[in-house]
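K.L.:
Before we start, here is the structure in question, set down as structure tokens.
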Amino acid sequence: MKRLFYFALFAIISINVAAFDFELSSVVKHPDKNEIFIAGTFKTIIVLDSETGKTIRTFAVDEPISDIEFNQDASMLLAQVKSKLFLLNPESGEELFSKNGYSFQLFEQCPYFIELKAYGDTKVILYDSKNTDVVKEIPLNFQPKECAFDKEFNNIFITSAKIEIGNSEEKKTLSGKVEKSESYNCYNSAYIKKQDDGFGSYILKFDIKNDEISKKITCPFDFTATYGFSLLPKGNEIFIADWDMVIKVDKKDISTAIECEDATFNYASNFSDNENFICIASTKTGILYDIENSEWKEFDLRDSFEFAYTTDIISYDEKIWLLSKDYTLIAMNYSGEKLDNFKIDDAGDEGFNVYYHNGYSKQEDRDKEAAIINSLLTEMSFENINLEDYIGKSDVVLANFKTATEAQNFCKQLKDNKLQYVTKIAPADRKTEK
Numbered sequence: 005m006k007r008l009f010y011f012a013l014f015a016i017i018s019i020n021v022a023a024f025d026f027e028l029s030s031v032v033k034h035p036d037k038n039e040i041f042i043a044g045t046f047k048t049i050i051v052l053d054s055e056t057g058k059t060i061r062t063f064a065v066d067e068p069i070s071d072i073e074f075n076q077d078a079s080m081l082l083a084q085v086k087s088k089l090f091l092l093n094p095e096s097g098e099e100l101f102s103k104n105g106y107s108f109q110l111f112e113q114c115p116y117f118i119e120l121k122a123y124g125d126t127k128v129i130l131y132d133s134k135n136t137d138v139v140k141e142i143p144l145n146f147q148p149k150e151c152a153f154d155k156e157f158n159n160i161f162i163t164s165a166k167i168e169i170g171n172s173e174e175k176k177t178l179s180g181k182v183e184k185s186e187s188y189n190c191y192n193s194a195y196i197k198k199q200d201d202g203f204g205s206y207i208l209k210f211d212i213k214n215d216e217i218s219k220k221i222t223c224p225f226d227f228t229a230t231y232g233f234s235l236l237p238k239g240n241e242i243f244i245a246d247w248d249m250v251i252k253v254d255k256k257d258i259s260t261a262i263e264c265e266d267a268t269f270n271y272a273s274n275f276s277d278n279e280n281f282i283c284i285a286s287t288k289t290g291i292l293y294d295i296e297n298s299e300w301k302e303f304d305l306r307d308s309f310e311f312a313y314t315t316d317i318i319s320y321d322e323k324i325w326l327l328s329k330d331y332t333l334i335a336m337n338y339s340g341e342k343l344d345n346f347k348i349d350d351a352g353d354e355g356f357n358v359y360y361h362n363g364y365s366k367q368e369d370r371d372k373e374a375a376i377i378n379s380l381l382t383e384m385s386f387e388n389i390n391l392e393d394y395i396g397k398s399d400v401v402l403a404n405f406k407t408a409t410e411a412q413n414f415c416k417q418l419k420d421n422k423l424q425y426v427t428k429i430a431p432a433d434r435k436t437e438k
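Structure, rendered in structure tokens:
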């Protein structure tokens, strides 16, 4: 895929602010084996059997992971860590190559990975995904935001950050204005705001073999997603799924805003393996866009009313899989019907830790939290914890459990007992083999 990761600060007026991460972030299927690799912003990669959902093995990594992909021949597992890129042995997790840089983007079974330099000497750099060698540098006169390749990896498409294009250019490149809907709709709201604001973006098509720009498109919309963004060149058209809109650019370089009555914000998105569907998800629910028939349909993969954001989407063997933050991996068909439901419950012998953000500044507040935590720890015959030893710490380990389900139940009991600050679970760290 897939995604380019930035780090943004969100101000949320609530006591329950997560000051640490420990989230699932990425999933990828091994192209030649029945193995699914799961990574997150913790230091463990979990490998599942794609037929049963059972854990086959786990291995340690040195840093929390934001994205993973296989290179073209599946000899390397590429793992992105903020501004660093690792090439790992997919059997053992052994680090084979690494590259420091500005901001990287990975793609499914691609001969390249890329670095986007958005400041100063703006450019996109293509690296060989087998050994991190530089293949090509593409200098730019704008800030690059996201990229994608065509199916044959002959061309790279580069989108820009927000630029001023003027109202006349905006009007020229838009197929038609969207009318304001009677009720709130996040897509409609974004289209209305952006379709005549004088700003937009560039989409550059670069021919890799001939080392030349073959097309420069002006799009009347700018793209704001910090995650969930997907870009698909399909024939003579380009489809773009952003945070709050879906855009089609036709062969004449005219952009059309694709409206949807059941629009939802894009927490994760991807295209189906046959490239005929766009899947956009929020909390195990979302929408599917049938590109061939220009039709939307809703899906809901929840078992009850659980609330867990989807963090990544992959597609293979005519299935679409959603990885959600509650340690589930759920498959559906192209009609949005649930097929498989895996619980990622086994992280090896080290198990799962429950982490707590010890964020209160007053001791009396910390004492109230400690009383709730230690009451439950005592009930479960676990060692008590002294929060005064961890003032201001955002990764205090409260307890360790064999399964994710046990850890989640512990967190639920703490919440039911009125614990105020956030708890999260993640695979416990394991030693990295050197």
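For the sequence shown, the working numbering gives the first residue as 5, with consecutive numbering after it. For every residue, glycine included, the Cβ atom is placed at its ideal position computed from N, Cα and C.
#1: How is the alpha helix (DSSP H) around asparagine 171 delimited, first residue to last?
#2: Please check the pair leucine 91 and leucine 100, which I expect to be a contact at CB under 8 Å, by giving their CB distance rounded to whole angstroms.
#3: Whole angstroms is fine: what's the gap from serine 54's alpha carbon to isoleucine 295's?
#4: Check the C-beta distance from lysine 428 over to tyrosine 359 and give it rounded, since I have them as a contact under 8 Å.
#5: Cβ atoms of leucine 418 and isoleucine 377: under 8 Å apart, would you say?
#6: Go through its chain and collect everything with a Cβ distance to glutamate 392's Cβ below 6 Å, but skip five positions before and after it.
#7: Should serine 271 be labelled buried (16 or more other beta-carbon atoms within 10 Å of its own) or exposed?
#8: Name the residue from Asp137, Ala229, Pro431, Ser259 whose alpha carbon lies nearest to the alpha carbon of asparagine 240.
#9: Starting from aspartate 369, follow the beta strand (DSSP E) in both directions and report where the run begins and ends.
#10: Between Ser234, Asn75, Gly97, Asn145, which has its C-alpha nearest phenylalanine 117's C-alpha?
#11: Would you mind giving the Cβ-Cβ distance between lysine 209 and lysine 219, rounded to the nearest angstrom? I have them listed as a contact below 8 Å.
#12: So, for lysine 422: in the same chain, excluding its five sequence neighbours on each side, which residues have a beta-carbon less than 7 Å away from its beta-carbon?
#13: Note down, in chain order, each residue of its chain lying with its Cβ closer than 7 Å to the Cβ of asparagine 214, except the 5 sequence neighbours on either side.
#14: What number of angstroms, rounded off, separates the C-alpha of proline 431 from the C-alpha of alanine 261?
#15: Assuming contact is defined by CB atoms lying nearer than 8 Å, are lysine 149 and phenylalanine 227 in contact in what I supplied?
#16: Report yes if the CB atom of cysteine 190 is closer than 8 Å to the CB atom of phenylalanine 269, and no otherwise.
#17: Is the segment 250-258 touching the segment 171-187, taking contact as three or more C-beta pairs under 8 Å?
#18: Pull up the CB-CB distance for isoleucine 244 and phenylalanine 203, whole angstroms please, since I reckon it's below 8 Å.
#19: Straight-line CA distance for aspartate 371 to aspartate 420?
#20: Pull up the DSSP beta-bridge partners for isoleucine 160, would you.
#21: Measure the C-alpha to C-alpha separation of threonine 382 and asparagine 192 and round it to an integer number of angstroms.
#22: Please return the same chain residues whose Cβ sits closer than 6 Å to the Cβ of phenylalanine 405, not counting the five positions on each side in sequence.
#23: If contact is defined by three or more beta carbon pairs under 8 Å, each pair taking one atom from either stretch, is the segment 28-43 in contact with the segment 78-93?
#24: Tell whether a beta-carbon distance below 8 Å holds between asparagine 362 and isoleucine 395.
#25: Check cysteine 264 in the structure and name its three-state DSSP category.
#26: Please classify glycine 97 as buried or exposed, where buried requires at least 16 other C-beta atoms within 10 Å of its C-beta.
#27: Can you confirm whether the segment 274-285 touches the segment 305-323 when touching is taken to mean that 3 or more C-beta pairs between the two stretches lie within less than 8 Å?
#28: Among residues of its own chain, excluding the 5 on either side of serine 234, which ones have a beta-carbon nearer than 6 Å to its beta-carbon?
#29: Please determine, among Asp211, Thr222, Asp248, Leu236, the residue with the shortest C-alpha to C-alpha distance to alanine 229.
P.N.:
Taking the coordinates as given:
#1: For the purposes of this step, residue 171 is taken as residue 167 along the sequence shown, with counting starting at 1. Its alpha helix (DSSP H) spans residues 171-176.
#2: Here residue 91 refers to the residue found at position 87 when the sequence shown is read from its first residue. Here residue 100 refers to the residue found at position 96 when the sequence shown is read from its first residue. Between leucine 91 and leucine 100 the beta-carbon gap is near 5 Å, inside 8 Å, which marks them as a contact.
#3: For the purposes of this step, residue 54 is identified with residue 50 of the sequence shown, where counting begins at 1. For the purposes of this step, residue 295 is identified with residue 291 of the sequence shown, where counting begins at 1. Going by the C-alpha atoms only, they are around 28 Å apart.
#4: Residue numbering aside, residue 428 sits at position 424 when the sequence shown is read from its first letter. Residue numbering aside, residue 359 sits at position 355 when the sequence shown is read from its first letter. Yes, lysine 428 and tyrosine 359 are in contact; Cβ-Cβ is about 5 Å, under 8 Å.
#5: Working through the sequence shown from its first residue, we reach residue 377 at position 373. Working through the sequence shown from its first residue, we reach residue 418 at position 414. Yes, Cβ-Cβ distance for isoleucine 377 and leucine 418 is below 8 Å.
#6: Walking along the sequence shown from the start, residue 392 turns up at place 388. Correct list: empty, nothing qualifies.
#7: Numbered from its first residue, the sequence shown carries residue 271 at position 267. The question names serine, but residue 271 is tyrosine in the sequence shown. Buried, since its Cβ has 16 or more Cβ neighbours within 10 Å.
#8: As a position in the sequence shown, residue 240 is number 236, starting the count at 1. Of Asp137, Ala229, Pro431, Ser259, the residue nearest in Cα terms is Ser259.
#9: As a position in the sequence shown, residue 369 is number 365, starting the count at 1. Looking at the DSSP string, aspartate 369 is not in any beta strand (DSSP E); the run it does join, the alpha helix (DSSP H), is 367-383.
#10: For this step, residue 117 is matched to residue 113 along the sequence shown. It is Asn75 whose Cα lies nearest to the Cα of phenylalanine 117.
#11: Position 205 of the sequence shown, counting from 1, holds the residue named residue 209. Position 215 of the sequence shown, counting from 1, holds the residue named residue 219. So it is a contact: roughly 4 Å between Cβ atoms.
#12: The count along the sequence shown starts at 1 and reaches residue 422 at position 418. Counting only Cβ-Cβ distances below 7 Å, and skipping sequence neighbours, we find Ile376.
#13: Here the question's residue 214 lines up with position 210 in the sequence shown. The answer is none, since no qualifying residue turns up.
#14: The residue given as residue 431 occupies position 427 in the sequence shown. The residue given as residue 261 occupies position 257 in the sequence shown. Looking at the two C-alpha atoms, the distance is approximately 42 Å.
#15: The count along the sequence shown starts at 1 and reaches residue 149 at position 145. The count along the sequence shown starts at 1 and reaches residue 227 at position 223. Result yes, Cβ atoms of lysine 149 and phenylalanine 227 sit closer than 8 Å.
#16: As a first step, residue 190 must be located in the sequence shown, where it is residue number 186. As a first step, residue 269 must be located in the sequence shown, where it is residue number 265. Their beta carbons are under 8 Å apart, which means cysteine 190 touches phenylalanine 269 by this criterion.
#17: Result yes; three or more Cβ-Cβ pairs closer than 8 Å.
#18: Along the sequence shown, one-based indexing puts residue 244 at 240. Along the sequence shown, one-based indexing puts residue 203 at 199. So it is not a contact: roughly 16 Å between Cβ atoms.
#19: Translated into positions along the sequence shown, residue 371 becomes position 367. Translated into positions along the sequence shown, residue 420 becomes position 416. Going by the C-alpha atoms only, they are around 18 Å apart.
#20: Here residue 160 is taken as the residue at index 156 of the sequence shown, counted from 1. Its beta-bridge partners are Phe153, Phe210.
#21: Taking the sequence shown and counting its residues from 1, one reaches residue 382 at position 378. Taking the sequence shown and counting its residues from 1, one reaches residue 192 at position 188. Threonine 382 and asparagine 192: Cα-Cα distance of roughly 53 Å.
#22: Numbered from 1 along the sequence shown, position 401 holds the residue referred to as residue 405. Same-chain partners within the cutoff: Gly355, Phe356, Ala411.
#23: yes
#24: As a working note, residue 362 is residue 358 in the sequence shown. As a working note, residue 395 is residue 391 in the sequence shown. It is a contact, given that the beta carbons lie within the stated cut-off.
#25: Mapped onto the sequence shown, residue 264 falls at position 260. Cysteine 264 falls in the coil class under three-state DSSP.
#26: What you label residue 97 is simply residue 93 of the sequence shown in a count that begins at 1. Answer is buried; the Cβ neighbour count reaches 16.
#27: yes
#28: Along the sequence shown, read from residue 1 onward, the residue named residue 234 stands at position 230. Within the same chain, serine 234 has close Cβ partners Ala245, Ser273, Asn274.
#29: Counted from its first residue, the sequence shown places residue 229 at position 225. Ranking the options by Cα distance to alanine 229, first place goes to Asp248.
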